[in-house]
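Heads up: the structure comes next, in structure tokens.
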Amino acid sequence: MLDFAKSLPEDPDELRRFTALLLAEVKSQAMLIEKLHHQLAGHRSHRFGPSSETIDQLQLALEASEIAVAKMTAKLRLPDEDPKDKPKRRPIPDHIPRQEIELTTGDDDCAHCGGTLRRLGEDITEELAGR
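Here it is, written out as structure tokens:
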């Protein structure tokens, strides 16, 4: 930057040169400011713009092909023989006597409103009693 502490020249030719020098410096700084504004706008659009949140088309195609492969492998898989939650024990033979126990509340009527209670469901288990 120019040193303005110097006194301005008195000669008109020197004043014209000094003015031209000042105008050149102002133009240079204006160009620098414009360049920096452009860079800042580019950085902002790169960081916060809509393109920062989009997925490339190649990535979308890759995901579509992965989904298609997963569907094909699911169709080709054979079902499992036994679900994991079922026990792998043999059933109790038919000649062993069975006893049915039904657990109830004792009343068929609701204690609060007096309406008839209904059956919600049942669980059936077979246990071999030890002696």
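Numbering (the UniProt record's numbering), first residue to last: 1 to 131.
By construction, the Cβ of each residue, glycine as well, lies at the ideal position given by its N, Cα and C atoms.
* Flag this pair as yes or no: are the beta carbons of F18 and P9 separated by less than 8 Å? => Taking the first residue of the sequence shown as position 1, residue 18 is located at position 18. Taking the first residue of the sequence shown as position 1, residue 9 is located at position 9. Yes, Cβ-Cβ distance for F18 and P9 is below 8 Å.
* To do: Note the first and the last residue of the continuous alpha helix (DSSP H) segment covering P97.
  => Numbered from its first residue, the sequence shown carries residue 97 at position 97. Neither: P97 is in no alpha helix (DSSP H) and is coded neither H nor E.
* Assign T116 to one of three DSSP states: helix, strand, or coil. => Locating residue 116 in the sequence shown gives position 116, where the first residue counts as 1. Note: T116 maps to strand in three-state DSSP.
* Asked: Got a sec? Which residues, its chain only, sit under 6 Å from E126 by beta carbon, not counting five neighbours each side?
  -> By one-based count along the sequence shown, residue 126 stands at place 126. I92.
* In whole angstroms, what is the alpha-carbon distance linking R89 and I96? -> Taking the sequence shown and counting its residues from 1, the one referred to as residue 89 is at position 89. Taking the sequence shown and counting its residues from 1, the one referred to as residue 96 is at position 96. So the alpha carbons of these two residues sit roughly 16 Å apart.
* Candidates L23, A129, G106, H112: closest to R119 by CA position -> Translated into positions along the sequence shown, residue 119 becomes position 119. Of L23, A129, G106, H112, the residue nearest in Cα terms is G106.
* Asked: In whole angstroms, what separates the C-alpha of I124 from that of K75?
  -> Taking the first residue of the sequence shown as 1, we reach residue 124 at position 124. Taking the first residue of the sequence shown as 1, we reach residue 75 at position 75. So the alpha carbons of these two residues sit roughly 34 Å apart.
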